[in-house]
Amino acid sequence: MKKIKMGIIGVGRLGYEHACNIANRVPASELIAVTDKDNEKAKRVADELGAKFYATPEELCADPEVQAVAIVTNTDSHVDMIEIAMNAGKHVFCEKPLAETVEKCKRGEKIVEAHPELIFQLGFHRRFDYSYAVAKEKLDRGDIGDVVLVRCYSQDPIAIIEGTLEYAPRSGGQFIDMSIHDIDLIRWITGSEPKKLWAIGGCYEFKQYKDWDDGDNVSCLIQNENETMAFFYAGRAAAHGSAVETEIVGTRGTLRISAVPTDSLLEVMSEHGVCRECYQDFVTRWHDAYVKEMEYFCDCVSTGTKAHPDVYDGTKATNIAFICKESFLENKLVDVVYK
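Heads up, the sequence shown is in this note's numbering, so the first residue is 95 and it goes up one at a time.
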């Protein structure tokens, strides 16, 4: 099998996961180059995984051996990194969100459109999770009839709140940084776009979110153009761990994913009763999905097949996320207008 020679830009927590997957877990890929604004970290990862170290993204993308690049940097640099990589002739996998503003998303669209010969994929990894993939097959087959309602819960563990709070002021806010996964799922599952939404929430545990015009717990009720309903909730301080749940109610049945957010079938019986331990971080929960999405990306590069989610999915999800924030700040029902 001919492997796709890949470089990675950004090896923080999630970037390191992708780097390890590219190097060791995706048969169709080979990690040959690493860079990060923290050069010392990049050198350590490059040495560990047997790749070359580059001091800057420009230097990495100038390497003629690199065929494709994974971008796992801060959101506000994504479009700049896409431009550097694609102008250098590299296929691009970019983590979500596409950008921190709709205007920058539109700029990203133009960059991708200028390189139709290159593959671009956005990292909405939940589409590649086995449970969600099976649910989508059942939906497409009509197993539960027509979709009536999609309900999504996403909770991050309080154990990682220190890092979450550090990143919060530049994250774009709860709707774009966290809920954008659920927004993408709702679009994917219903096959429709929101036409009306009402977002609410507050600063229940961490009052500093108010300084950033944000909330630590937020939710949104949506009516789509095809009349399907959706609801999502996002919280930053779950005591039990990382928990993501999705329920799809149809006219002839219901699908529920991850009702118990556990990483095994283990039950602990003690003086506290019977309990099941939860995932303690998102990387563990979505490990297999991260591998699957990179396998899919490499296959698209090898076959020249257009990848999904694409740059337009990124723009649409970002636009919806900002409309959610507008509704949240103004506390009112908002008609969705696409820019």
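The beta-carbon is built from N, C-alpha and C at its ideal position, and this holds for glycine as well.
Cα-Cα, which of the options is closest to residue i?
i, options, result
"Thr150", "Asp130, Ile165, Ala140 and Gly144", "Asp130"
"Asn118", "Glu371, Ala145 and Val228", "Ala145"
"Ile316", "Lys426, Ala179, Glu153 and Asp157", "Lys426"
"Val408", "Arg346, Lys301, Ser273 and Arg235", "Going by the sequence as given, residue 408 is Gly instead of Val. The residue with the shortest Cα to Cα distance from Gly408 is Ser273."
"Lys97", "Glu111, Pro121 and Cys114", "Pro121"
"Ile103", "Thr397, Thr167 and Tyr390", "Thr167"
"Val173", "Gln215, Ala156 and Val362", "Gln215"
"Lys230", "Gly183, Asp157 and Arg350", "Arg350"
"Lys400", "Glu207, Lys135 and Lys198", "Glu207"
"Lys386", "Asp234, Ala328 and Phe187", "Phe187"
"Ser358", "Asp310, Cys372 and Ser364", "Cys372"
"Met175", "Thr195, Leu154 and Glu159", "Leu154"
"Tyr261", "Gln302, Glu203 and Gly296", "Gln302"
"Arg110", "Val128, Ser123 and Glu124", "Per the sequence shown, residue 110 should be read as Tyr rather than Arg. Measuring from the Cα of Tyr110, the nearest candidate turns out to be Val128."
"Gly344", "Glu194, Phe325, His275 and Ile238", "Ile238"
"Thr169", "Leu143, Phe326, Val196 and Pro158", "Val196"
"Cys297", "Gly309, Leu291, Ile255 and Ser286", "Gly309"
"Glu420", "Lys184, Lys290, Ser225 and Val163", "Lys290"
"Asn318", "Cys392, Asp429, Arg370 and Ala253", "Asp429"
"Phe326", "Val431, Ile342 and Ala333", "Ile342"
"Lys433", "Cys392, His275 and Ala415", "Ala415"
"Gly257", "Ala136, Phe422, Asp375 and Thr412", "Asp375"
"Cys418", "Gly295, Leu259, Arg330 and Glu189", "Gly295"
"Lys204", "Met180, Arg138 and Pro263", "Met180"
"His185", "Leu233, Gly398 and Leu423", "Gly398"
"Lys200", "Glu424, Leu423, Phe422 and Asn413", "Asn413"
"Thr348", "Lys232, Glu361, Met363 and Gln268", "Lys232"
"Val405", "Lys135, Asp141, Ala193 and Met323", "Ala193"
If you run the structure through DSSP and keep just helix, strand and coil, what is residue i?
i, result
"Ile213", "coil"
"Gly335", "coil"
"Asn320", "coil"
"Asp429", "strand"
"Val120", "coil"
"Thr345", "coil"
"Ile254", "helix"
"Ser248", "strand"
"Trp306", "helix"
"Lys400", "coil"
"Glu221", "According to the sequence displayed, residue 221 carries Arg and not Glu. Three-state DSSP puts Arg221 in a helix."
"Leu192", "coil"
"Asn311", "strand"
"Ala156", "coil"
"Ile238", "coil"
"Tyr373", "strand"
"Ala328", "strand"
"Thr150", "coil"
So residue i is in the beta strand (DSSP E); what residue range does that whole segment cover?
i, result
"Leu125", "Ser123 to Thr129"
"Phe187", "His185 to Glu189"
"Cys297", "Taken as a continuous stretch (DSSP letters only), Cys297 belongs to no beta strand (DSSP E), as it is neither H nor E."
"Ala51", "The first residue shown for the chain is 95 and the last is 433, placing residue 51 beyond what the model contains."
"Lys99", "Ile98 to Ile103"
Considering residue i, what are the terminal residues of the alpha helix (DSSP H) in which it resides?
i, result
"Cys418", "Val405 to Glu424"
"Asn181", "His172 to Asn181"
"Leu233", "Tyr224 to Arg235"
"Met363", "Met363 -> not in any alpha helix (DSSP H); beta strand (DSSP E) instead, spanning Val362 to Ser364."
"Gly109", "Arg107 to Cys114"
"Cys199", "Val196 to Glu207"
"Cys394", "His381 to Thr397"
"Val368", "First-last for Val368: Gly367 to Cys369, but that is the beta strand (DSSP E), not the alpha helix (DSSP H)."
"Lys135", "Asn133 to Leu143"
"Thr284", "Ile274 to Thr284"
Going by other Cβ atoms of all chains shown within 10 Å of its Cβ, with 16 needed for buried, is residue i buried or exposed?
i, result
"Gln161", "buried"
"Asn133", "exposed"
"Asp271", "buried"
"Pro403", "buried"
"Asp307", "exposed"
"Asp250", "buried"
"Lys304", "exposed"
"Pro288", "buried"
"Tyr390", "buried"
"Arg107", "exposed"
"Ser248", "buried"
"Arg235", "exposed"
"Tyr148", "buried"
"Ser123", "buried"
"Asn320", "exposed"
Contact between the segment 379-394 and the segment 232-252: three or more CB pairs below 8 Å?
no
Can we say the segment 273-282 touches the segment 219-229, given the rule of at least three CB pairs closer than 8 Å?
yes
Is it the case that the segment 309-324 contacts the segment 333-340, given that we only count it when at least three CB pairs across the two stretches are under 8 Å?
no
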